[in-house]
């Protein structure tokens, strides 16, 4: 692609490609979310909470925030649309997105997914309309990621036909609960179900916590989680229950029922399998968090790239003009690989949303294998997206210098608001372990809690060879890989098949190595299962990360294939080259150690990356404009000065060259 070809890129087609099948949802947000919904810099926590609660009730119905619910209860039956709506809200105000996500994603989503018709008829319409504000009370002070070991109990009493909901000690207190400190009237509470003296694992109940006037109900203790680094508009709180009586019919009993006499029954006999099935129905929240993190990353990159096109620093010996930040290779090295990764993750997210919408949007139950695959994909992408957001937003802050540290330039709030995303909806390290377990297919289904490597039942002989789960463009990808000659040195590093093969080969090799180490551990430490897994934890995390990289690259390839405009396809192809080669360059130590690269080829990759940076430099602004973020949403003071700076630059050019015509 020649230099200075950005004017030949059809920006409308680029936006259309990125907007995807839910373009109408994205455009509805762009059309209806005005300045009222933007963050207010410098407000107190109380002011932020009051503002966000008010705005939640003012969200236009056209946005479809609650579109995942069935039409009979006020939704649209559109799961994908609801996830995209959360992503768009995140570009306006992350507190508003999280508050909406708690209400309609976690709280309402749990009632819809875990409840039955009587719960839906009684509560869903008021949840969708916002008449009932609720919260999702799963995490405990002493147990976050290890949900299967929650300590809150809910014990059935056949004499009163009620459950006794109880917090036995402070570590069992429900903690960090959104909507709890101020607005929630009801909570979906997760606890250990006990009946007839036997535990049946974690289940969920719909529990009132405040009356219609906002007064705390008897037996319920509500506290404020206190000051936070970000998300000031979200009222995180703490909940404890002192033998609160919960009617039997408030058990969300789609997967587990308790009869009047206390008899327990379930369509899924195994406790662990039932538990993971229940959690699998709630995967939409994890997908939404990943999408929101990527949305915030796109906003940060748009600010940094646009600032780098107007901010000059230092001159050259042969010119009076100072140099634009974006013209420095060091600056390009910061922004462009991050931009390429953001594009790659955008296509991976779009593919996941489409797959989830297809799987959970129909009347037929989701195939268990397909459900596990979706859960694994959601876990891995959420980890990749949120870690990428943390790194990239900080890098964008630094790329804007002192201006990036000012609240009025948005970057500090993006940094503060997204920092917790690496932790909630699943700690990222735990989520990568979940991905790795999905790849190690020899474990029993009942492998225990999400981070319970020490409790896993590992049988070495049962570990089988990995079967790659392909993305949407599986036939195209297989053709590209099969076309790669045997000797890699004969192939250009920009050959897509070679790039795909490198990603796939790394994943396979890492997995094979993890399996061998697990087998050796099982042979020598049979009575120490914790040590077996703990000794290879770093290895299995590397397997999971390599898997996510490969899935992401394949999704990018599929996204390019779907682009209809030749200029857009050409640009995306070069961005994809930069993503793939940046990943290989960052991990060149592994590729060199394992004979996948020669030293000469490794050096060549760095040279090609630098060439790609120069080639893509004229398109930096086009690439961030392709995100379709309205200028007002960036809410950034230095960009409001952009036209003035450009006029000043044009005048300076005219003064230096009387023949110059200002653009």
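Residue numbers (full-length UniProt numbering): 1 to 663. No residue lacks a Cβ here, since even glycine has one placed at the ideal position from N, Cα and C.
For residue i, the residue or residues it bridges with in DSSP
i: residue 137; result: 189
i: residue 257; result: 265
i: residue 154; result: 165, 193
i: residue 204; result: 190
i: residue 521; result: According to DSSP, residue 521 bridges with nothing at all.
i: residue 429; result: Bridge partners of residue 429: none, in fact.
i: residue 386; result: In the DSSP output, where bridge partners are listed per residue, residue 386 has none listed.
i: residue 591; result: Its beta-bridge partners do not exist; DSSP assigns none.
i: residue 247; result: 162
Euclidean distance between Cα positions of residue i and residue j
i: residue 540; j: residue 523; result: 18 Å
i: residue 249; j: residue 157; result: 13 Å
i: residue 546; j: residue 503; result: 7 Å
i: residue 222; j: residue 203; result: 21 Å
i: residue 92; j: residue 55; result: 12 Å
i: residue 549; j: residue 498; result: 15 Å
i: residue 501; j: residue 217; result: 60 Å
i: residue 589; j: residue 440; result: 25 Å
i: residue 290; j: residue 316; result: 42 Å
i: residue 132; j: residue 181; result: 15 Å
i: residue 63; j: residue 29; result: 6 Å
i: residue 422; j: residue 321; result: 42 Å
i: residue 36; j: residue 60; result: 12 Å
i: residue 209; j: residue 245; result: 12 Å
i: residue 125; j: residue 185; result: 15 Å
i: residue 630; j: residue 613; result: 26 Å
i: residue 559; j: residue 107; result: 33 Å
i: residue 99; j: residue 401; result: 31 Å
C-beta atoms of residue i and residue j nearer than 7 Å
i: residue 417; j: residue 230; result: yes
i: residue 275; j: residue 148; result: yes
i: residue 178; j: residue 135; result: yes
i: residue 194; j: residue 155; result: yes
i: residue 428; j: residue 383; result: yes
i: residue 239; j: residue 205; result: no
i: residue 410; j: residue 86; result: no
i: residue 109; j: residue 391; result: no
i: residue 114; j: residue 286; result: no
i: residue 557; j: residue 483; result: no
i: residue 294; j: residue 394; result: no
i: residue 227; j: residue 237; result: no
i: residue 219; j: residue 242; result: yes
i: residue 301; j: residue 329; result: no
i: residue 580; j: residue 553; result: yes
i: residue 624; j: residue 188; result: no
i: residue 25; j: residue 111; result: no
i: residue 258; j: residue 80; result: no
i: residue 674; j: residue 370; result: There is no way to answer for residue 674, as the model of the chain reaches only from 1 to 663.
i: residue 592; j: residue 582; result: no
i: residue 381; j: residue 356; result: no
i: residue 536; j: residue 517; result: yes
i: residue 585; j: residue 609; result: yes
i: residue 310; j: residue 493; result: no
Beta carbon proximity, residue i to chain C, threshold 7 Å
i: residue 243; result: The displayed structure is made up of one protein chain only, and chain C is not part of it.
Beta-carbon proximity list for residue i, same chain, < 8 Å, skipping 5 on both sides
i: residue 150; result: 138, 140, 143, 172, 190, 191, 192, 202
i: residue 161; result: 247, 248, 260
Own chain, CB closer than 6 Å to residue i, minus 5 neighbours either side, in chain order
i: residue 343; result: 575
i: residue 510; result: 542, 543, 546
i: residue 661; result: For residue 661, the predicted structure reports a pLDDT of 36, less than 50, and the residue's modelled location is therefore unreliable. A value from the coordinates is still provided. Closer than 6 Å at Cβ, skipping near neighbours: no residue.
i: residue 633; result: 91, 92
i: residue 207; result: 187, 189, 246
Contacting residues, own chain, Cβ-Cβ under 7 Å from residue i (five flanking each side not counted)
i: residue 75; result: 66, 67, 68, 69, 128
i: residue 20; result: 350
i: residue 39; result: 93, 413, 635
i: residue 262; result: 156, 158, 195, 196
i: residue 683; result: Residue 683 is absent from the model: the chain starts at 1 and stops at 663.
i: residue 561; result: 473, 476
i: residue 675; result: As shown, the chain starts at 1 and ends at 663. That puts residue 675 outside it, with no answer to give.
i: residue 568; result: 9, 10, 13, 14, 17
i: residue 408; result: 41, 637
Any non-hydrogen atom of the ligand MG within 6 Å of residue i CB
i: residue 97; result: The ligand MG is absent from the structure shown, which contains no ligands of any kind.
- Quick one: which unbroken alpha helix (DSSP H) runs of 4-plus residues sit fully inside the stretch 255-342? Chain order, please. Complete alpha helix (DSSP H) runs here, min 4: 271-280, 283-308.
- Length-filtered (3 minimum) beta strand (DSSP E) runs lying within the stretch 43-79: Runs of the beta strand (DSSP E) inside the stretch 43-79: none found.
- Query: Quick one: complete alpha helix (DSSP H) runs, 4+ long, within the stretch 472-537?
  - Reply: DSSP assignment within the stretch 472-537 yields the following whole alpha helix (DSSP H) runs of 4 residues or more, N-terminal first: 474-482, 496-524, 529-534.
- Taking only runs that begin and end inside the stretch 77-149, name each unbroken beta strand (DSSP E) of 3 or more residues, in chain order. Within the stretch 77-149, the complete beta strand (DSSP E) runs of at least 3 residues are 134-137.
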